[in-house]
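K.L.:
Numbering (the numbering used here), first residue to last: 12 to 257.
Ideal placement from N, C-alpha and C gives every residue a C-beta, glycine not left out.
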Ligand code: ARG
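1) Work out the CA separation of residue 229 and residue 21 for me, nearest whole Å.
2) With a threshold of 7 Å between beta-carbons, can residue 167 be considered close to chain C, or not?
3) Looking at C-beta atoms only, is the number of pairs between the region 193 to 212 and the region 121 to 137 that lie closer than 8 Å three or more?
4) For the 8 Å Cβ check, are there 3 or more pairs between the region 235 to 242 and the region 141 to 155?
5) Would DSSP call residue 122 helix, strand or coil?
6) Note down, in chain order, each residue of its chain lying with its Cβ closer than 7 Å to the Cβ of residue 19, except the 5 sequence neighbours on either side.
7) Would a C-beta distance cut-off of 7 Å place residue 180 and residue 148 closer than the cut-off?
8) Quickly, what does DSSP pair residue 231 with across the bridge? List them, please.
9) Measuring CA to CA, which of 172, 234, 100 is closest to residue 219?
10) Nearest to residue 176 by CA position, among 33, 26, 43, is which residue?
11) Just curious, the alpha helix (DSSP H) that residue 80 is in, first and last residue?
12) To the nearest angstrom, report how far apart residue 259 and residue 120 are at their CA atoms.
13) For the alpha helix (DSSP H) holding residue 154, just list the boundary residues, first then last.
Shown next as structure tokens:
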């Protein structure tokens, strides 16, 4: 295509142009989802997604601003341009893809179960929890919430705004188990040994992706190229090793 055509196809308000014009990349996430985005001891937000966002900003040659946003309103916040890209361990689902566009998947995870240690002899897989006598805690509006409804229709489901609240129910004996993404659950059990046990085999397969507003092919293409680049030059592997293999 000739130059004027290429320019004509570029929307004047594409995110990439806005980022370059303002000299700042705004990344939306909800801190509290280990090891992707979580608080360090001083209250700063760290994790795999945060480090990836830093690489992204460096590549763009702009400064990075993290916009911490409740999970509950995170897609509306993207749609109303509170940030340029949502990097928050979001599973690519058909339902979400009606509202947002996803870049290529950046990691594959699955749902898993954390339960009271005393259940270890009776509960060997998620199916063993599909019983009205069990209360299952999940996080509202997540794929853990969807998976619990699908795999545990007979159990009593309780939904919470944050992972921490849901797990308090299990620790306090008010819920038998918590259904959630395996990376989070693995870190949680490693940090809180004793009362809780993890069923380490994931029972779903989910791809996580960065979400952007629809109809911005230029920004989406940039993100996909960036992702391919960090996979190629091993920057991805370095971050993976730092956050998932220690
Ligand atoms: N992968 C799950 C989902 O998409 C949970 C992601 C939660 N992320 C977060 N930053 N709290 O529903």
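P.N.:
On the basis of the data shown:
1) Legend: pLDDT at residue 21 = 48, less than 50; position of this residue unreliable, no value from coordinates given.
2) Among the chains of the structure shown, chain C does not appear; only one protein chain is present.
3) yes
4) no
5) strand
6) With a pLDDT of 49 at residue 19, under the threshold of 50, the predicted position of this residue should be treated as unreliable, and no value is reported.
7) yes
8) Bridge partners of residue 231: none, in fact.
9) 100
10) 43
11) Element bounds for residue 80: n/a, residue is neither H nor E.
12) With the chain covering only 12 through 257, there is no way to say anything about residue 259.
13) 154 to 162
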